[in-house]
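Notes follow once the structure below has been shown.
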Amino acid sequence: MLPTSSMIPVEEARDRILAYFSRLQPERKPLLEALGQVLAQDITAPFDIPPLDNTAMDGYAVRAADTAGASEANPVELRVIADLAAGYVLQTPVGPGEAVRIMTGAPVPPGADAIVPFEETDEALRGIDQAPARPGIVRILKAAKPGANIRYRGEDIRKEATVIPAGRVLRPSEVGVLASIGLTHVDVIRRPIVAILSTGDEITPPGQPLLPGRIYDANAYSVAALVRKYGGIPRILGIARDTVQDLTAKIHQGLDADMLVTSAGVSRGDFDVVKDVLAREGSIDFWTVRMRPGKPLAFGAFTAPDGRKVPHLGLPGNPVSSMVSFELFGRPAIFTMLGRSDWQRPTIRAISRDHVRNPDGRRFYARCIVSQSPDGRWYADLTGPQGSGMLTSMSAANALAVIPEDIPAANPGDEIECIMLDWEHAP
Ligand code: AMP
Ligand code: MG
Numbered sequence: 002m003l004p005t006s007s008m009i010p011v012e013e014a015r016d017r018i019l020a021y022f023s024r025l026q027p028e029r030k031p032l033l034e035a036l037g038q039v040l041a042q043d044i045t046a047p048f049d050i051p052p053l054d055n056t057a058m059d060g061y062a063v064r065a066a067d068t069a070g071a072s073e074a075n076p077v078e079l080r081v082i083a084d085l086a087a088g089y090v091l092q093t094p095v096g097p098g099e100a101v102r103i104m105t106g107a108p109v110p111p112g113a114d115a116i117v118p119f120e121e122t123d124e125a126l127r128g129i130d131q132a133p134a135r136p137g138i139v140r141i142l143k144a145a146k147p148g149a150n151i152r153y154r155g156e157d158i159r160k161e162a163t164v165i166p167a168g169r170v171l172r173p174s175e176v177g178v179l180a181s182i183g184l185t186h187v188d189v190i191r192r193p194i195v196a197i198l199s200t201g202d203e204i205t206p207p208g209q210p211l212l213p214g215r216i217y218d219a220n221a222y223s224v225a226a227l228v229r230k231y232g233g234i235p236r237i238l239g240i241a242r243d244t245v246q247d248l249t250a251k252i253h254q255g256l257d258a259d260m261l262v263t264s265a266g267v268s269r270g271d272f273d274v275v276k277d278v279l280a281r282e283g284s285i286d287f288w289t290v291r292m293r294p295g296k297p298l299a300f301g302a303f304t305a306p307d308g309r310k311v312p313h314l315g316l317p318g319n320p321v322s323s324m325v326s327f328e329l330f331g332r333p334a335i336f337t338m339l340g341r342s343d344w345q346r347p348t349i350r351a352i353s354r355d356h357v358r359n360p361d362g363r364r365f366y367a368r369c370i371v372s373q374s375p376d377g378r379w380y381a382d383l384t385g386p387q388g389s390g391m392l393t394s395m396s397a398a399n400a401l402a403v404i405p406e407d408i409p410a411a412n413p414g415d416e417i418e419c420i421m422l423d424w425e426h427a428p
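Everything in the sequence shown is counted per the working numbering, starting at 2 for the first residue and increasing by one.
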């Protein structure tokens, strides 16, 4: 027996779904592979960064007091006792009247307390390969303050300090910080494996000839691409025919995943056997969600042979409905498994340039292009016809304009809230 339910709001559906998901176990990964994943433990610095006081400029390490009163008219002459490249340490102290020629990153030798950049010495006035006016002597043209151009030990990161806290999503800058403290691997929350099953006698895998009445399987690929984009690992199971046997067998193949996503066969009054099989094989609710596209949705769980519960998201079959539903429900589920709570997308209030009808009391997610006009204002343009089978309405869009349940139409000039799917594709 199928449980009956009336239309539920999007938020309620999402809350009920997310209650089934939690953060997955950590795994150890090489730094670069951990990009985009969530750090599983606090990272503390094993040593100070930088590890030694060092110079921020190419120049001369000096005793600042020696340079007092120096000017172009009245240069101070210092004896150059060594030439120090980055990567080498000089033990010999810099004594009064002495200087060490030093390259960016090299540790400041003992005794010196300031770096005079080349630009403030006679080295800048002569050609790079030209000998100094007096051999072994540098002329300082400007007085240096103590500490000038020195990067102090530990000024970036102190030993034992938390460098990156657990829960942080690793971006390129975090990867760089982890490398800078010498790590090669890091513990991150593992990526969820999402099994994806298309259903329907009419569905044909791309690459095979298309028989009359058949269509190619768009959903498995669009959903797999979303799974990958949102940080999961998609596993396409193929296509289940609308028979109890085939569907049951294919579902069983997906039970080692962290989540099973099916598409089609969940609408009311469907001839498909999908609903029956889902209900028999797991604990499944069939919902009608107060949204368009994508009213029918199934959600529940199957039990894997090892007793583990595998959450199941049953998407509607129409390709746009399937993508929009995955966006609203599948993405937060993946984020939750990744240990991320930041699944809410940024929104922009844009001025509609179209008349958008919303007559049936559902929340309408209209595919649109949000762009900024030269006057600085943001506008939303629908991407043409909005049929839930028209995938091009989705591929042309960079946002979903949200027309609330109680708003029967948005008129040109009205401000509408747009969920940004793709900033990078803003025209
Ligand atoms: P259904 O939920 O089975 O009634 O399917 C609704 C609509 O979505 C029908 O027009 C199906 O042909 C279409 N559809 C179902 N599955 C897919 C798929 N994997 N790729 C593209 N269209 C599909
Ligand atoms: Mg079908």
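Idealized CB from N, CA, C, for every residue including glycine.
Any non-hydrogen atom of the ligand AMP closer than 6 Å to residue i Cβ
{"i": "S394", "result": "no"}
{"i": "N55", "result": "no"}
{"i": "E203", "result": "yes"}
{"i": "P433", "result": "This structure leaves residue 433 out entirely; the chain is present only between 2 and 428."}
{"i": "A219", "result": "yes"}
{"i": "S389", "result": "no"}
{"i": "S326", "result": "no"}
{"i": "S223", "result": "no"}
{"i": "S268", "result": "yes"}
{"i": "S374", "result": "no"}
{"i": "S199", "result": "yes"}
Residue i and residue j closer than 7 Å at C-beta
{"i": "A351", "j": "W379", "result": "yes"}
{"i": "E121", "j": "L142", "result": "yes"}
{"i": "G283", "j": "F303", "result": "yes"}
{"i": "S326", "j": "G295", "result": "yes"}
{"i": "W288", "j": "A14", "result": "yes"}
{"i": "P94", "j": "P108", "result": "no"}
{"i": "L383", "j": "A400", "result": "no"}
{"i": "V189", "j": "Q38", "result": "yes"}
{"i": "D114", "j": "A65", "result": "yes"}
{"i": "D415", "j": "S353", "result": "yes"}
{"i": "G60", "j": "V117", "result": "yes"}
{"i": "I158", "j": "A258", "result": "no"}
{"i": "L314", "j": "G331", "result": "yes"}
{"i": "I1", "j": "T56", "result": "Outside the shown range of the chain, which is 2 to 428, sits residue 1, and nothing can be said about it."}
{"i": "T200", "j": "G255", "result": "no"}
{"i": "I349", "j": "C419", "result": "yes"}
{"i": "K160", "j": "D84", "result": "no"}
{"i": "N359", "j": "I404", "result": "yes"}
{"i": "A241", "j": "L198", "result": "yes"}
{"i": "A87", "j": "G106", "result": "yes"}
{"i": "L40", "j": "R169", "result": "yes"}
{"i": "L392", "j": "P317", "result": "no"}
Span of the alpha helix (DSSP H), counted from its first residue to its last, around residue i
{"i": "K276", "result": "275-282"}
{"i": "A14", "result": "11-19"}
{"i": "V325", "result": "320-326"}
For residue i, the first and last residue of its enclosing beta strand (DSSP E)
{"i": "E175", "result": "Here E175 belongs to no beta strand (DSSP E); instead the alpha helix (DSSP H) covers 173-181."}
{"i": "T337", "result": "Not the beta strand (DSSP E): T337 falls in the alpha helix (DSSP H), residues 332-338."}
{"i": "M421", "result": "416-421"}
{"i": "S199", "result": "194-200"}
{"i": "V139", "result": "138-141"}
{"i": "P27", "result": "27-31"}
{"i": "V187", "result": "186-190"}
{"i": "V311", "result": "310-316"}
{"i": "F303", "result": "297-304"}
{"i": "V164", "result": "163-165"}
Interface flag, residue i vs chain B, CB-CB below 7 Å
{"i": "P405", "result": "Absent from the structure is chain B; it holds one protein chain and no more."}
Taking 5 Å as the limit, tell me which residues put their C-beta closer than that to any heavy atom of the ligand MG, in chain order. G201, A265, G266, D273
Along the chain, which unbroken stretches of the beta strand (DSSP E) at least 3 residues long are found entirely within the stretch 205-263? 234-241
Complete runs of the beta strand (DSSP E) confined to the stretch 348-405 [at least 3 residues]: 348-353, 364-373, 379-383, 400-404
Which residue spans inside the stretch 63-132 form an unbroken beta strand (DSSP E) run of at least 3? 77-85, 99-103, 115-118
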